[in-house]
Amino acid sequence: MKQQHETEDRNILIFPVGKHPYNGLHDETLLSDTTRWLIVGSFPPPRYVSFGGQLRQRLPEGDMDYYYGSRNNAFWSLLQEVFGQNWSLDAADKEIPKHLIKSWLRKHNVGVVDIIQTAARRGNSASDSSLQVFSTVPVGGILPLMPQIERIFCTSFYVKNLLIKQMRVDPGIRALAVDPGDRRLLHVELEDMKLDIYTLISPSPQAFKSLARDPFYRANPGAWPSLAAFRLEQYRRALLPVLEKEGLKKHEPDFT
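For what it's worth, the numbering used here labels the leading residue of the sequence shown as 1151, then goes sequentially.
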């Protein structure tokens, strides 16, 4: 037992605490009194974060300096497909897609924030399971100040669980129900507002390891030509209210 405690202490020393690079910057989160849709993620990969007061390393080619901008993260590619946009994600200068994405988000009342503010990571992994959380953003406590929010999109069940834990304390949940037709959709009633929380399939490549066991996927064998097509269809279904209420043209994914 003593040896285990010593190992844990060494881990604390080995993995310094890092601060989120975008949370708290209004021009990055785009949160305002018109925000109707809120994307909530966890924490960026290690290369995006300044750890232990050190300068952040230079991002490698292919990474965009923004939320979910890792070249391995499919989030913006999925949204680009769902909404029928062209954000020039393949541009060598990543400031181009960043500008286009932020302009689109602002125009359509979409805000972005990660629920973790400071954290350490065990090793160099970007997965949620490697996180040791030290402080969070009080997303739950912010909601009463933004009663116009209709739906929150969490990028994983890990994020959703952190958010629900916050909301049970502040502002307090009066009612919570899983949608009978979609286990990823929660209907939440707070003191003075109602909203939905949708847990998206993770946009990371690791998502495919467990996606084949998804109950909805297994209940409909052969409905999608690939797991990637299934994930894209799930994003389309989750984001349908944004399409309808923001007056956007519905763009059907091409699975061929």
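We put the beta carbon where it would ideally sit given N, CA and C, even for glycine.
Rounded distance between the beta-carbons of residue j and residue i, thought under 8 Å
i: S1192; j: D1278; result: 5 Å
i: I1168; j: T1268; result: What sits at residue 1168 in the sequence shown is Gly, not Ile. With 8 Å as the limit, G1168 and T1268 qualify as a contact, their Cβ atoms being about 7 Å apart.
i: R1206; j: P1171; result: 7 Å
i: L1350; j: T1305; result: 6 Å
i: S1354; j: N1223; result: 6 Å
i: D1264; j: N1173; result: 6 Å
Euclidean distance between Cα positions of residue i and residue j
i: E1396; j: S1352; result: 24 Å
i: D1240; j: K1248; result: 11 Å
i: I1347; j: L1313; result: 10 Å
i: W1374; j: F1380; result: 6 Å
i: Q1227; j: P1321; result: Inspection of the sequence shows that residue 1227 is occupied by Ser rather than by Gln. About 34 Å.
i: D1243; j: Q1235; result: 18 Å
i: R1368; j: A1362; result: 7 Å
i: E1211; j: E1245; result: 12 Å
i: A1357; j: E1383; result: 15 Å
i: K1257; j: F1201; result: 34 Å
i: R1333; j: A1378; result: 19 Å
i: D1215; j: K1252; result: 12 Å
i: L1398; j: D1213; result: 28 Å
i: W1254; j: I1302; result: 17 Å
i: D1177; j: R1318; result: 29 Å
i: Q1316; j: F1307; result: 14 Å
i: N1311; j: L1175; result: 24 Å
Whether residue i touches residue j by CB criterion (8 Å)
i: L1345; j: E1394; result: no
i: V1289; j: L1389; result: no
i: L1340; j: I1323; result: yes
i: R1148; j: L1181; result: Residue 1148 lies beyond the stretch modelled for the chain, which goes from 1151 to 1406, so this question has no answer here.
i: L1326; j: V1338; result: yes
Start and end residues, beta strand (DSSP E) containing residue i
i: I1266; result: 1266-1271
i: I1302; result: 1301-1304
i: G1191; result: 1187-1191
i: V1283; result: 1281-1286
Beta-carbon contacts of residue i that lie in its chain and below 6 Å, excluding the five residues immediately before and after
i: V1262; result: T1179, I1189, Y1217
i: V1392; result: W1187
i: V1283; result: I1266, A1269
i: V1199; result: G1168
i: F1109; result: Residue 1109 falls outside the range modelled here, since the chain spans only 1151 to 1406, and no answer is possible.
i: Q1230; result: W1237
i: D1329; result: L1335
i: G1291; result: D1320
Nonlocal neighbours in the same chain, by C-beta distance under 7 Å from residue i, ignoring five residues either side
i: L1250; result: W1237, S1238
i: I1162; result: Caution is warranted here: a pLDDT of 44 is assigned to I1162, below 50, making its placement in the model unreliable, and the coordinate value is therefore given only provisionally. Hits under 7 Å: none found.
N- and C-terminal bounds of the alpha helix (DSSP H) containing residue i
i: T1179; result: 1176-1179
i: K1344; result: Unbroken run through K1344 is the beta strand (DSSP E), 1344-1349; no alpha helix (DSSP H).
i: G1322; result: Careful: G1322 lies outside any alpha helix (DSSP H) and carries neither H nor E.
i: L1335; result: No alpha helix (DSSP H) contains L1335, which is instead part of the beta strand (DSSP E) from 1332-1339.
i: G1212; result: Counting along the chain, G1212 falls outside any alpha helix (DSSP H), and DSSP gives it neither H nor E.
i: E1383; result: 1377-1388
i: E1396; result: Here E1396 belongs to no alpha helix (DSSP H), and DSSP marks it neither H nor E.
i: P1365; result: 1365-1369
i: W1226; result: 1225-1233
Proximal residues to residue i (C-beta, below 8 Å), its chain only, five neighbours per side dropped
i: T1185; result: N1259, V1260, G1261, M1296, Q1298, I1299
i: S1280; result: R1271, R1272, G1273
i: M1343; result: L1293, P1294, P1297, I1299
i: P1365; result: R1333
i: D1183; result: M1296, Q1298
i: Q1154; result: In this prediction, Q1154 scores a pLDDT of 33, lower than 50, which makes its location untrustworthy; the coordinate-derived value is nonetheless stated afterwards. Same-chain partners within the cutoff: there are none.
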